[in-house]
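Residues in the sequence shown are numbered consecutively from 5, following my numbering. The beta carbon of each residue, even a glycine, is placed where N, CA and C say it ideally should be.
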Amino acid sequence: MTIDSANLITLITTARRELLATARTTDPHLTPEGLRARQRAEVEAIRARLLDAMPAEPAATPDRQPVLDALAPATANDIARVQHEQAKVSALLAAGRLLPEVIATASRDRLAAILDSAETSPEVLEARDPASVLDALHEMIWDRLVQVDDAAQAIVAAEQATTPARAWRSILEGVATTGAIPFEGRVLLNRADPAVLGLLDDGDAEAVPGPPGNLIESMMDGLDRVPVDA
């Protein structure tokens, strides 16, 4: 599916500009309830345009876990190979190499050895937050595995194919819901195309300059908290 990024940038920055104008609206002839009703109507119209432009939800990408599970030793030969690589890794670490450096140049067999012992590695056991360190190690192992394993490469290719749609869906839904461009959407868009994220940021900075952008989120939150008939 082809996504018109330029059109979506225009739509989003226009929506943010209009939301800011709505948040700044005052009318001495309206009661607070009347002003709120006017703002709500304008916000709902903007939301509808954003949600109408939502790209179709992409198909689910393949699961990474089976590829990682395939690294686990299954035979006596596998176990011997993993133990051999673990001994080499231990020697490298004892010589002053850092584990991320070892992972960065590891073969598939060496990655299998590191993954097998990651949970009991000193880096994990001695960390203040072992779970976070273990997650980071798994991510580093995966990043290297993508370079040396065909199955991992296929999964990344499938993930990359869906990244633009997932990015724009996140951004459009975020702006429609809270008025703000969500961090998750920005991360995904940067992964899909950093130049497009730069264009979005430039357009948004022009549409909603500086701190006044907080007015949008405050208004959206306030409207969501108050019942429609209040």
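Beta carbon of residue i nearer than 8 angstroms to that of residue j
i: A171; j: G183; result: no
i: G207; j: I13; result: yes
i: L176; j: L75; result: no
i: I7; j: P59; result: yes
i: L149; j: L115; result: yes
i: R173; j: E61; result: yes
i: Q90; j: S121; result: yes
i: L227; j: V47; result: yes
Euclidean distance between Cα positions of residue i and residue j
i: L103; j: F187; result: 30 angstroms
i: E37; j: M144; result: 54 angstroms
i: T26; j: V212; result: 12 angstroms
i: E163; j: A63; result: 10 angstroms
i: L3; j: V93; result: Lying outside 5 to 234, the shown extent of the chain, residue 3 is not represented and no answer is given.
i: A180; j: T166; result: 21 angstroms
i: N81; j: V106; result: 23 angstroms
i: V152; j: I185; result: 36 angstroms
i: P134; j: W146; result: 18 angstroms
i: P32; j: L193; result: 42 angstroms
i: N218; j: D197; result: 27 angstroms
i: S222; j: L96; result: 54 angstroms
i: E210; j: T18; result: 10 angstroms
i: I220; j: G202; result: 22 angstroms
Environment of residue i [buried if 16+ CB atoms lie within 10 Å]
i: V200; result: buried
i: S136; result: exposed
i: V230; result: exposed
i: G214; result: exposed
i: A45; result: exposed
i: L24; result: buried
i: A161; result: exposed
i: A52; result: exposed
i: R132; result: exposed
i: A108; result: exposed
i: A110; result: buried
Option nearest residue i by Cα separation, candidates the options
i: V191; options: A209, A169, E210; result: A169
i: G178; options: M224, D197, S125, A91; result: M224
i: Q157; options: S125, D197, R112; result: R112
i: P66; options: I159, D228, L227; result: I159
Does the stretch 29–49 come into contact with the stretch 65–79, if we say contact requires no fewer than three beta-carbon pairs (one atom in each stretch) closer than 8 angstroms? Flag = no, the stretch 29–49 and the stretch 65–79 do not touch.
Given 8 angstroms as the limit, is there contact between the stretch 117–128 and the stretch 81–97, that is, 3 or more CB pairs closer than that? These segments touch.
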